[in-house]
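According to the working numbering, the sequence shown holds residues 329 to 495 in order. For every residue, glycine included, the Cβ atom is placed at its ideal position computed from N, Cα and C. Please read all numbers here as calculations on a predicted model, not as lab measurements.
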Amino acid sequence: MGGEPGMTVEPRAFRDTLGRMPTGVTVITTTAQDGEMHGVTIGSFSSLSLEPPLVLFCLDKDANCRQAFLDSTHFAVNVLAEDQSSLSSIFATKNAPRPWHDLDYSLGEASGAPLMAGAVAQIECATEAIHDGGDHDILIGRAKTLATDGASRPLIFFAGGYRRLDA
Numbered sequence: 329m330g331g332e333p334g335m336t337v338e339p340r341a342f343r344d345t346l347g348r349m350p351t352g353v354t355v356i357t358t359t360a361q362d363g364e365m366h367g368v369t370i371g372s373f374s375s376l377s378l379e380p381p382l383v384l385f386c387l388d389k390d391a392n393c394r395q396a397f398l399d400s401t402h403f404a405v406n407v408l409a410e411d412q413s414s415l416s417s418i419f420a421t422k423n424a425p426r427p428w429h430d431l432d433y434s435l436g437e438a439s440g441a442p443l444m445a446g447a448v449a450q451i452e453c454a455t456e457a458i459h460d461g462g463d464h465d466i467l468i469g470r471a472k473t474l475a476t477d478g479a480s481r482p483l484i485f486f487a488g489g490y491r492r493l494d495a
C-alpha cells in the first residue's frame, strides 16, 4: 500500500478502493412541492451527531431527483432489509421512472416522504443544511421520527455486490 503525495488518483480505482468498505443500503425519499415522490438508492449515508440528532447523505449532482431534494424541507431514510435488493436496484437506476404504484409504502407523518414497507429502520428528517461536496451535494437532516424492525437484518453492499450478514 502506498503512493506518493500529490499523485493523481484515477476515479475508477478510487471507487473500487472505497468499495472494499461494506456499507448499509438506503433508499432516501422525498415528496416534492408538487406532490411528486422521489427516491434514490444511497450508500453514502451516515450519522453525524447525537446531540442534536443529525444524519447526512451524499447525492450525485447528476441525479434526476436532485432538484426535488434541494427544494424539499424534509426527507426520509429507509434502511433496506436483506431481502430488499430488488428495491435497491429500482432506485439505483439513474434517471429511470419509479414504479410507485407497484411499491409498498406509506407517507411519513413528519416528512410526507415515502416510508418503504419492510425496511429495518426508517428516519424522517427535516433538512438542516446542504453543502457542496465535489460531484455530490451533502445533505444534512435532523431526525424527527425513528422506527426500527429489530427482527430484520440489513442489506449490505460490498465489492460491487449485495451481501447478507451471517447469523
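Around the beta carbon of Leu-346, fewer than 16 other beta carbons sit within 10 angstroms, so the residue counts as exposed. Under DSSP, the beta-bridge partners assigned to Met-365 are Thr-359. Between Val-448 and Ser-480, the C-beta gap is smaller than 8 Å, which places the two residues in contact. Collapsing the DSSP output to three states places Leu-474 in a strand. Bridge partners of Gly-352 according to DSSP: Ile-484. By the criterion of a C-beta distance shorter than 6 Å, Gly-436 is surrounded in its chain by Ala-404, Leu-443, Glu-452, once the five residues flanking it on both sides are discounted.
The beta carbon of Asn-392 lies closer than 8 Å to those of Lys-422, Asn-423 in the same chain, with the five residues before and after it left out. Unbroken alpha helix (DSSP H) stretches of 4 residues or longer found wholly inside the stretch 408-451: 413-420, given in chain order. For the set Phe-385, Leu-378, Ala-341, Asp-344, the Cα lying nearest the Cα of Thr-357 is the one of Phe-385. Secondary structure of Thr-401 (DSSP, three-state): coil.
In this structure Gly-478 is exposed. Its beta-carbon is surrounded by fewer than 16 other beta-carbon atoms within 10 angstroms. Judged by their CB atoms, Val-355 and Ser-417 are not nearer to each other than the 8 Å cut-off. Between Leu-408 and Val-353, the gap from beta carbon to beta carbon is short of 8 Å. Residue range 339-346 is occupied by the alpha helix (DSSP H) that includes Arg-340, with no beta strand (DSSP E) assigned at that position.
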